[in-house]
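Undergrad:
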Amino acid sequence: MLDKRLRSIGTQSTTGMLIFGRTLACSGVTLAMALDAGINATKVAYKGSYRPDFMPNAHKVEIELVYDRNSRKVLGVQLWSKHDVSQAADTISALMHYHGTIDELSFIDMLFSPNFDQPFNYLNLVGQLAVKQENGYLRT
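In terms of the working numbering, the sequence shown opens at residue 938 and continues consecutively.
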C-alpha cells in the first residue's frame, strides 16, 4: 500500500501580531537564542521608510536581522512597523528554509514601485547592512 503521508519540512516559528496599530512579525531565532545554541551569530539593525519619503504614509520599518558569522546564513528576523510587514517575515522564513545568506538577501529580486517599496526593499537594505558589517565597513 502506498504511504500518502507528507513528511514535515520543519518550521522557522514565523509569527506576527498587531499591537496598538503596529505590526510585530518575526521568524527564526533571536540573537540570544543563537548564542545560547553555540552559534557564532550577530545581528544588524535597520530603520528606514518602507517606501520613498515623498509618498504619503511612508511609515518607518525597524528590523533586527540575526545571522551566522561563519556561514553568513540568515537565522532570524524581527520586524516592527505601522506598515504591515508580516509578509516580510514570510520572505525571510522561505530564505532560511533554503539556507539563504546575507549576501543573497542583499540583492534578491524584489518588486519596485514607489507605491509599494523603495528601489531596494527594506529586506535588501538590512541584508546589505549585514554584508557591510561582515566586510568591516560597519562598526558593531
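Backbone N, C-alpha and C define an ideal beta-carbon position, used for all residues, glycine too.
Can you tell me where the alpha helix (DSSP H) with K1069 in it begins and where it stops?
TA: 1059-1071
Undergrad: If we count the other Cβ atoms within 10 Å of its Cβ and call it buried at 16 or more, is A1067 buried or exposed?
TA: buried
Undergrad: CB E1001 to CB K1019, shorter than 8 angstroms?
TA: no
Undergrad: Report yes or no: do three or more beta-carbon pairs, one from the region 987-1001 and one from the region 948-957, lie closer than 8 angstroms?
TA: no
Undergrad: With 16 other CB atoms within 10 Å as the buried threshold, where does Q1055 fall?
TA: By the neighbour-count rule (16 or more Cβ atoms within 10 Å), Q1055 is buried.
Undergrad: What is the DSSP secondary structure of T967, counted as helix, strand or coil?
TA: coil
Undergrad: Are L1062 and G965 closer than 8 angstroms when you measure CB to CB?
TA: no
Undergrad: Quick check on the DSSP output: the alpha helix (DSSP H) that includes Q1015 runs from which residue to which?
TA: Note, Q1015: premise wrong, no alpha helix (DSSP H); beta strand (DSSP E) at 1011-1018.
Undergrad: Taking Cβ to Cβ, would you say T967 is nearer than 8 angstroms to V1003?
TA: It is a contact, given that the beta carbons lie within the stated cut-off.
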